[in-house]
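Presented below is the structure to which this report refers.
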Amino acid sequence: MKVLVTGGFGQVGSTVAGMLLARGDEVLSIDNFATGRRDNLVEHPLLTAVEGSIVDPDLVARCFEEFKPEMVVHTAASYKDPDDWYTDSMVNAAGTANIAKACRDHKVRRLVYFQTALCYGTNPQQSPITLDHPINPVNSSYAISKTAGEHYVQFSGVEWVTFRLANVIGERNVSGPLPIFYSRLSEGKKCFVTEARRDFCYAGDLAKVVVRALDGVGSGTYHFSSGHDVAIKELYDAVVRAMKLNDYPVPEVRPLGPDDAASILLDPSRLFADFGDVSFTPLDEIARVSVERWANEGVVGGYTHLKEARGEIRENNK
Ligand SMILES: NC(=O)c1ccc[n+]([C@@H]2O[C@H](COP(=O)([O-])OP(=O)(O)OC[C@H]3O[C@@H](n4cnc5c(N)ncnc54)[C@H](O)[C@@H]3O)[C@@H](O)[C@H]2O)c1
16 MKVLVTGGFG QVGSTVAGML LARGDEVLSI DNFATGRRDN LVEHPLLTAV
66 EGSIVDPDLV ARCFEEFKPE MVVHTAASYK DPDDWYTDSM VNAAGTANIA
116 KACRDHKVRR LVYFQTALCY GTNPQQSPIT LDHPINPVNS SYAISKTAGE
166 HYVQFSGVEW VTFRLANVIG ERNVSGPLPI FYSRLSEGKK CFVTEARRDF
216 CYAGDLAKVV VRALDGVGSG TYHFSSGHDV AIKELYDAVV RAMKLNDYPV
266 PEVRPLGPDD AASILLDPSR LFADFGDVSF TPLDEIARVS VERWANEGVV
316 GGYTHLKEAR GEIRENNK
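Each position in the sequence shown, counted from 1, maps to that position plus 15 in the numbering used here.
Printed below as a string of structure tokens:
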């Protein structure tokens, strides 16, 4: 199978690409390394790595014409500066339009997309959130532009699968609390946690489901979720345990910022109905593999699309 993976050096893209390469599929990645790590994928005879942006329609057209993908896994996204509306809209909306249109023009068999749970807004009407919850991406440029992207995917006429995600983490994670907790704790700095609860899922577990979607399982929209959320403080404690710290700063608990949600718990029943037995790696194991990698290879990122948290991180890092 020939699979074009956008953002092939990012957390989800590289994990999916690695699984496809390991079973003998051909992969072409388009990545501009905005948040991707070059060491997420090693050279492989079945891998073509194109450095460039999905915003460039000529580059996208050339990749589709020359590689002739049968399937597309579209993970590339912009989110690292909540005030950079221009890049978010160009990458997440216009870039996704480029990919969706190229999929239509080249008769790609399946297009897999990843939507943020923030498409439901920061004050969802339900917990867990069901797939028919109103779409209301009012609180971030990231959510607005990712929602436009999801509409382009659905508009393409190509058979599509969208996984709506809350928090996907692991050793290749560059955004949100996990890499932030690790890097601050390794420098002996104090952390803060909010009162929020999240369903932290392992990128490797998502990637297995994506590969099954490429093999024809499922169709349409899914919540990739375990159905259980934990307090952010529990993730902090898991990192502390994985780092084997005896003496560590007790985190300050802060109220939620205006662009944050108290809980984002997604109802996974459709995922379980169509994909059956989905595995969810325990939090302690996710923290263990992440800490192991970062201790050896260094941690990068710690980006967040949340304005308040970002200001705080800047402040604390002074
Ligand atoms: N990780 C999560 O918790 C989460 C939650 C909700 C949605 N998502 C969505 O899942 C997808 C994968 O997320 P991830 O965690 O792997 O993120 P990531 O940042 O690790 O990967 C994104 C990749 O896209 C690349 N990229 C960015 N802009 C690009 C451009 N213009 N052209 C080409 N490549 C570009 C980056 O360099 C990176 O390699 C994204 O679409 C994201 O919006 C992720």
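Note that beta-carbon positions come from the ideal geometry of N, C-alpha and C, so glycine has one too.
Next on the checklist: Any heavy atom of ligand 1 closer than 7 Å to the beta-carbon of G272?
Outcome noted: G272: no, Cβ never under 7 Å from ligand 1.
Next on the checklist: Taking the straight line between their C-alpha atoms, what separation do you get for P264 and D252?
Outcome noted: Looking at the two C-alpha atoms, the distance is approximately 11 Å.
Item to check | Buried versus exposed, by CB contacts within 10 Å (16 or more), H243 | outcome: Exposed: under 16 other Cβ atoms inside 10 Å.
Checklist entry - On the premise that G185 lies in contact with V304, defined as a C-beta separation below 8 Å, what is that separation, rounded to the nearest angstrom? => result A Cβ-Cβ separation of about 7 Å places V304 in contact with G185 under the 8 Å criterion.
Checklist entry - Buried or exposed: P152, going by 16 or more other Cβ atoms within 10 Å of its Cβ? => result So P152 counts as buried.
Item to check | For R212: DSSP bridge partner residues | outcome: Note: R212 sits in a beta bridge opposite A246, S278.
Next on the checklist: Which complete alpha helix (DSSP H) runs does the stretch 109-164 hold, if anything under 4 residues is left out?
Outcome noted: Taking only runs of at least 4 residues, the alpha helix (DSSP H) segments lying wholly in the stretch 109-164 are 111-120.
Next on the checklist: Could you compute how far the alpha carbon of V106 sits from the alpha carbon of A92?
Outcome noted: Looking at the backbone, the Cα of V106 and that of A92 are separated by about 6 Å.
Checklist entry - Excluding the five sequence neighbours on either side, which residues of its own chain have a C-beta within less than 6 Å of the C-beta of P283, listed in chain order? => result In chain order, H238, S240, G242 place their CB closer than 6 Å to the CB of P283, counting only its own chain and leaving out the 5 sequence neighbours on each side.
Checklist entry - Is it right to say R125 is buried, meaning 16 or more other beta carbons lie within 10 angstroms of its own, or is it exposed? => result Answer is buried; the Cβ neighbour count reaches 16.
Checklist entry - Leaving out the 5 sequence neighbours to the left and right, which residues in its chain are closer than 7 Å to R329 when beta-carbon positions are compared? => result Low confidence applies here, because R329 scores a pLDDT of 41, under 50, leaving its location unreliable and the question unanswered by this model.
Next on the checklist: For a test of your reading of the model: does the CB of N261 fall under 7 Å from any non-hydrogen atom of ligand 1? Yes or no.
Outcome noted: Taking 7 Å as the cut-off, one finds no heavy atom of ligand 1 near enough to the beta carbon of N261.
Item to check | D230: CB within 7 Å of a non-hydrogen atom of ligand 1 | outcome: Taking non-hydrogen atoms of ligand 1 into account, the C-beta of D230 is found less than 7 Å away from none of them.
Checklist entry - Is A32 helix, strand or coil by DSSP? => result DSSP places A32 in helix when its eight states are reduced to three.
Item to check | The beta strand (DSSP E) enclosing I184, as first and last residue numbers | outcome: Start and end: 182-184.
Checklist entry - What residue range is occupied by the uninterrupted alpha helix (DSSP H) comprising I301? => result Per DSSP, I301 is one residue of the alpha helix (DSSP H) stretching across 298-312.
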